[in-house]
Amino acid sequence: QSSFTSIGNEFIRLNFDTNGFLVTVTSDGMTRIVNQEFVYYEAATGNNREFRNRSSGAYIFRPARDQVRSIALQPKLKIYRGDLVEEVHQSFNEWVSQVVRVYRQQRHAEFEWLVGPIPVDDGKGKEIVSRFNSDISNADIFYTDSNGREMIKRKRDHRDTWKLKLLEHTAGNYYPITTKIALEDDTARMAILTDRAQGGSSMGAGSLELMIHRRLLHDDAFGVNEALNETAYGEGLVARGTHYLIVGSSKKNQSPTTQAIERFTQLQKLLPAWSLFSNAENISYEDWR
Amino acid sequence: EPHLSFLREAMGVMQHHDAVTGTEKQAVAADYARRLEVAIRACATNTKEILNQLTIDTSRNTPERELGKRERRWATGPKKEYLFKFETCTLLNISSCAVPEQADKFTLTLYNPLAQTVTDYVRVPVPNVNYIVKDFDDVTIETQFLPVPAPVQDLNFRKSSATYELVFTATELPALGYKSYYITKTNGNNMKPVPDPPN
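These protein sequences, in sequence, are chains E and G. Just so we're aligned, residue 1 is where the first sequence starts under my numbering, counting upward by one. Just so we're aligned, residue 1 is where the second sequence starts under my numbering, counting upward by one.
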């Protein structure tokens with residue numbers, strides 16, 4: 001019984017353990033292991049002389065090694081509860097934090113991450129990834145969207161039309177995600193919706209990951225002749241965005257199916273209502289009505 | 001039309017593979033952002049014109065008999081027509097917006113671009129926790145206040161006086177339609193959000 005707190009509603013409930021990490025998700029009458037963590041790949045620094053020795057840069061994603069580095073072992077938590085929404089504010093370190101929230105009567109959880117300035121005083125570029133690990137037996141198969149529409153079936157270390165020999169194991173398994181990445185087995189399905197195009201993959205059993213920020217120190221010699229090292233106010237850029245997690249049954253004979261929930265959530269999050277503000281200091285409520 | 005054409009041209013420039021993939025130089029990326037910001041701001045005029053026209057048409061076309069007893073009392077004499085500014089906030093995604101941060105009374109109009117009715121939650125960045133939200137039917141909407149998470153990295157980069165987010169539910173936004181809410185600062189002293197006691 002390590003889980004010590006949970007947020008959620010009648011449709012989805014997220015359980016966090018004593019270390020402050022998400023550990024399980026309860027949805028559709030089942031509880032599955034789902035944990036979320038921030039990790040990073042160290043960027044490769046090549047001499048750019050021959051093709052195989054290019055640095056990771058604006059045109060290519062090329063980690064120095066396949067192993068990821070962990071960012072924090074025990075995020076600090078603050079939990080806020082109310083009638084409309086419950087939130088867990090996680091602070092991993094001084095440049096990574098996140099708010100996990102579940103609104104009343106909604107079937108998805110929001111992960112609003114805030115990353116940056118990425119420290120590079122060790123002289124190494126870093127590529128930050130949000131990784132969701134589950135106990136779903138997806139048999140190395142996962143699905144990535146094609147421009148927000150059809151889902152393309154992917155299999156790790158495999159291509160359908162030729163015998164693959166991967167020289168860059170991680171980069172060779174990364175795909176463009178415009179709005180959604182998902183995996184399933186015959187009982188459960190996990191999908192993550194993005195609020196912008198990102199690189200993504202499934203680098204392990206039951207695991208999905210999305211690259212949310214990069215800060216690189218070397219040009220990759222593909223033309224721009226500049227390292228991807230965006231700054232603001234003289235520091236590395238701070239990026240903020242949201243992932244939407246949907247976990248549910250993979251059965252197709254229930255209504256609404258998990259895929260239907262994904263589609264409606266995607267439509268509503270990618271084409272949200274426009275907020276237009278007007279100062280009303282000079283008009284009373286009655287007149288306004 | 002000139003504003004829309006300007007935005008069309010800016011979006012035309014954004015079809016370049018560098019703009020799509022982010023392989024342009026930093027200075028060029030900054031110029032792309034500048035072009036888009038100027039063009040979107042120029043089209044705010046269009047949004048304002050159209051929404052004002054919509055709101056005036058709605059108020060003109062609501063026949064007296066359809067107004068409830070309460071409205072009839074208020075609908076006396078010639079209707080005053082207000083032109084609202086309907087400002088968009090391009091920094092809402094980092095919890096920053098001038099109108100709710102500075103005004104004691106403001107309206108929020110939500111335009112639903114989908115062809116289906118939508119109910120969603122709204123987050124408005126505000127400097128404190130004393131606000132009430134009313135809809136056009138004189139109903140006070142349930143609200144909740146949450147602190148804007150202010151980790152260290154945010155302090156240097158988010159120039160905003162908003163320390164809380166006002167959350168409420170916008171129910172049944174009509175397809176391709178809008179709904180407005182009237183938000184007022186009160187003298188009350190609502191409870192500030194308090195986190196669970198540490199475990």
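A virtual CB, placed ideally from N, CA and C, is assigned to each residue, including glycine.
Identify whether residue i lies in helix, strand or coil by the three-state DSSP scheme.
{"i": "G/L173", "result": "strand"}
{"i": "E/A273", "result": "coil"}
{"i": "G/G188", "result": "coil"}
{"i": "E/A43", "result": "strand"}
{"i": "E/T257", "result": "coil"}
{"i": "E/W288", "result": "helix"}
{"i": "G/Q102", "result": "helix"}
{"i": "E/F222", "result": "coil"}
{"i": "E/E86", "result": "strand"}
{"i": "E/R81", "result": "coil"}
{"i": "E/E127", "result": "strand"}
{"i": "E/K251", "result": "coil"}
{"i": "G/P193", "result": "coil"}
{"i": "E/V68", "result": "coil"}
{"i": "G/F157", "result": "helix"}
{"i": "E/A239", "result": "strand"}
{"i": "E/S55", "result": "coil"}
{"i": "G/T23", "result": "coil"}
{"i": "G/S5", "result": "helix"}
{"i": "E/R32", "result": "strand"}
{"i": "G/M201", "result": "The shown model of chain G, from 1 to 199, leaves out residue 201 of chain G, and the question about it has no answer."}
{"i": "E/L217", "result": "coil"}
{"i": "E/Q145", "result": "Note that residue 145 of chain E is Asp in the sequence shown, not Gln. Strand at E/D145."}
Just the Cα atoms here: how many angstroms apart are residue i and residue j?
{"i": "G/K105", "j": "E/E286", "result": "13 Å"}
{"i": "G/K25", "j": "E/V23", "result": "41 Å"}
{"i": "E/I60", "j": "E/R159", "result": "20 Å"}
{"i": "G/E165", "j": "G/S180", "result": "18 Å"}
{"i": "G/S95", "j": "E/G123", "result": "33 Å"}
{"i": "E/G56", "j": "E/I118", "result": "The residue asked about is misnamed: residue 56 of chain E is Ser in this sequence, not Gly. Straight-line Cα distance between these residues: approximately 16 Å."}
{"i": "G/P100", "j": "G/V126", "result": "6 Å"}
{"i": "E/R215", "j": "E/S284", "result": "50 Å"}
{"i": "E/A43", "j": "G/I132", "result": "50 Å"}
{"i": "G/E71", "j": "E/L276", "result": "Any reading at G/E71 must be qualified, since the residue scores a pLDDT of 48, below 50, and its modelled position is unreliable; no value is offered."}
{"i": "E/S137", "j": "E/R156", "result": "14 Å"}
{"i": "G/N52", "j": "E/L14", "result": "43 Å"}
{"i": "E/A58", "j": "E/N225", "result": "10 Å"}
{"i": "G/S161", "j": "G/T186", "result": "18 Å"}
{"i": "G/D137", "j": "G/T107", "result": "14 Å"}
{"i": "E/H243", "j": "G/A103", "result": "32 Å"}
{"i": "E/A139", "j": "E/R154", "result": "11 Å"}
{"i": "G/C250", "j": "E/L183", "result": "No information on residue 250 of chain G is available, as it lies outside the stretch 1 to 199 that chain G covers here."}
{"i": "G/N156", "j": "G/M14", "result": "30 Å"}
{"i": "E/V236", "j": "E/K126", "result": "According to the sequence as given, residue 236 of chain E is Gly; it is not Val. About 12 Å."}
{"i": "G/K48", "j": "G/P2", "result": "15 Å"}
{"i": "E/H89", "j": "E/L271", "result": "26 Å"}
{"i": "E/N253", "j": "E/A260", "result": "12 Å"}
{"i": "G/P149", "j": "E/G82", "result": "16 Å"}
{"i": "E/N133", "j": "G/M11", "result": "38 Å"}
{"i": "E/G8", "j": "E/A171", "result": "35 Å"}
{"i": "G/E37", "j": "E/A205", "result": "43 Å"}
{"i": "G/R73", "j": "G/D57", "result": "Only weak support is given to the placement of G/R73: the predicted model assigns it a pLDDT of 42, under 50, and the value that follows is read from those uncertain coordinates. Taking the straight line from one Cα to the other gives about 20 Å."}
{"i": "E/D28", "j": "E/S255", "result": "11 Å"}
{"i": "G/V124", "j": "G/F145", "result": "9 Å"}
{"i": "G/R84", "j": "E/W274", "result": "Note on identity: in this sequence residue 84 of chain G is Phe, with Arg being the wrong assignment. Whole-angstrom Cα-Cα distance: 16 Å."}
{"i": "G/A33", "j": "G/I40", "result": "11 Å"}
{"i": "E/D17", "j": "G/V194", "result": "21 Å"}
In chain E, what lies closer than 7 Å to residue i by C-beta?
{"i": "G/Y131", "result": "Those do not exist, as G/Y131 stays about 12 Å from chain E at its closest Cβ, beyond 7 Å."}
{"i": "G/I94", "result": "R240"}
{"i": "G/A162", "result": "The premise fails here: G/A162 is roughly 13 Å from chain E at the closest Cβ pair, so nothing lies under 7 Å."}
{"i": "G/G22", "result": "A58"}
Just the chain G side, please: which residues come within less than 8 Å of residue i by C-beta, in chain order?
{"i": "E/L84", "result": "Y121, E142, T143, Q144, V167, F168, T169"}
{"i": "E/R81", "result": "D196"}
For residue i, return the contacting residues in chain E, with the cut-off set at a CB-CB distance below 8 Å.
{"i": "G/A33", "result": "Here the premise fails: no neighbours, minimum Cβ distance about 11 Å."}
If the cut is a Cβ gap below 7 Å, which residues of chain G does residue i touch?
{"i": "E/Y103", "result": "Y121"}
{"i": "E/Y40", "result": "Per Cβ cutoff of 7 Å: no residues; E/Y40 is ~15 Å from chain G at best."}
{"i": "E/K78", "result": "P195"}
So residue i contacts chain E; which residues on that side make the cut at Cβ distance below 9 Å?
{"i": "G/T107", "result": "L276, F277, S278, N279, A280, I283, W288"}
Just to confirm the assignment: which complete beta strand (DSSP E) runs, minimum length 3, are found wholly within the segment 150-209 of chain E? 151-155, 175-177, 180-184, 188-194, 198-201
Beta carbons nearer than 8 Å to chain G: which residues of the segment 266-285 of chain E have them? L267, Q268, L271, P272, A273, W274, S275, L276, F277, S278, N279, A280, E281, I283, Y285
Taking a cut of 7 Å between CB atoms, which residues from the segment 43-57 of chain G lie near chain E? T47, L51
For the segment 88-100 of chain E, which residues have a beta carbon sitting closer than 7 Å to at least one beta carbon of chain G? H89, S91, E94, W95, S97, V99
By the 9 Å beta-carbon criterion, what residues does the segment 212-235 of chain E contribute toward chain G? F222, G223, V224, N225, E226, L228, N229, E230, T231, A232, Y233, E235
Give the list of continuous beta strand (DSSP E) stretches no shorter than 3 residues that lie fully inside the segment 86-150 of chain G. 105-111, 118-126, 131-134, 143-147
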